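The numbers in the numbering used here rise by one with no breaks, and the one at position 10 of the sequence shown is 106.
By construction, the Cβ of each residue, glycine as well, lies at the ideal position given by its N, Cα and C atoms.
Here the structure is a predicted model, which means the values were calculated and not measured.
Quick notes on the structure that follows.
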Amino acid sequence: MALSVVLGTACGGGEGGGGERDGGDLISGPDPGSQPTTSGGELTDAQVSMLSRAPSGWTYYRNRRDTLSRSSGSGHSESHLRTRYNEVAAAQLGADGKVRGNAVFADSSLIVKELIAEGTLNRYAIMMKMRASDNAGDGWLWAYYRPDGSTLISITSRGAACTGCHSTGIDYTRMNDSYP
Ligand code: HEC
97 MALSVVLGTA CGGGEGGGGE RDGGDLISGP DPGSQPTTSG GELTDAQVSM LSRAPSGWTY
157 YRNRRDTLSR SSGSGHSESH LRTRYNEVAA AQLGADGKVR GNAVFADSSL IVKELIAEGT
217 LNRYAIMMKM RASDNAGDGW LWAYYRPDGS TLISITSRGA ACTGCHSTGI DYTRMNDSYP
């Protein structure tokens, strides 16, 4: 049941589209506050995806669980969204639930944006701070996952499709820009 970090070279990387492992009971993942670090190993898409879909332990942007309408600056086309932060990431939020102006997110910070079209969850966009990871782009892992947890854009792409837009935000985050 415990989420073990894959050590050494067992994981060959490069299989971006996969994600079919761990197909079953993914919603019962660990509390995101108790996730492992990558010391000595690398997280896989399956692990990051599972952490992102943990059922509890989240703080929502602006402390609101309702959805926001898409912003004009967004690279994400769905009409609505909702963004949540695990315990480590939430330490960088102020009492108003916005990211602090001088925020620097610690390793293991996980931010999940739920992208919602016509009332249905379409995909998750995720950022996970893991500075020492070989997959990090600007210190973060970047990915899109489908609602069933499978991978649309793998962390192994190192944020190639993401960091252009995200380079201007507070520690590469953009919610404060779109929803001040
Ligand atoms: C065209 C610009 C653009 C691109 C490309 C883009 N994003 Fe974003 N992203 C934004 C903006 C703007 C926001 C703020 C919320 C909004 O307006 O939708 C955001 C918000 C987010 C958030 C919520 C946390 C935060 O405050 O930034 C996550 C997670 C995220 N994006 C992940 C990704 C990933 C992963 C990719 C690449 C696969 C990506 N984004 C590509 C513009 C972009």
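Around the beta-carbon of D141, 16 or more other beta-carbon atoms lie within 10 Å, marking it buried. With a minimum length of 3 residues, the unbroken runs of beta strand (DSSP E) contained wholly in the segment 163-233 fall at 176-181, 206-213 and 216-225.
The beta carbon of A239 sits closer than 7 Å to at least one heavy atom of the ligand HEC. DSSP, reduced to helix, strand and coil, places G137 within a strand of the structure shown.
Proximity of the segment 145-165 to the segment 211-230 meets the contact definition, three or more beta-carbon pairs being nearer than 8 Å. For T247, the enclosing beta strand (DSSP E) stretches over residues T247 to I249. The segment 172-188 and the segment 148-163 touch, with three or more beta-carbon pairs separated by less than 8 Å. The straight-line gap separating the alpha-carbon atoms of Q188 and S250 is approximately 26 Å.
With contacts defined as CB atoms closer than 8 Å, A199 and D267 qualify as a contacting pair.
Rounded to whole angstroms, the separation of the alpha carbons of C261 and G235 is 15 Å. Secondary structure of A239 (DSSP, three-state): strand.
Take A202, set aside five residues on each side of it, and the residues of its chain with a beta-carbon closer than 6 Å to its own are V184, in chain order. Under DSSP, Y156 forms a beta bridge with R180.
Judged by the Cβ position, I212 fails to qualify as a neighbour of the ligand HEC at the 7 Å threshold, every heavy atom of the ligand being at least this far.
Contact between Y275 and L164 holds: CB atoms are separated by about 6 Å, below the 8 Å threshold. The beta carbon of L177 sits closer than 7 Å to those of T163, L164, R166, K209, E210, L211 and I212, all from its chain and outside the five residues before and after it, given in chain order. Separation of G265 and N272 (C-alpha to C-alpha, rounded to the nearest whole angstrom) is 8 Å. Annotation: the continuous alpha helix (DSSP H) that includes T259 extends over T259 to H262.
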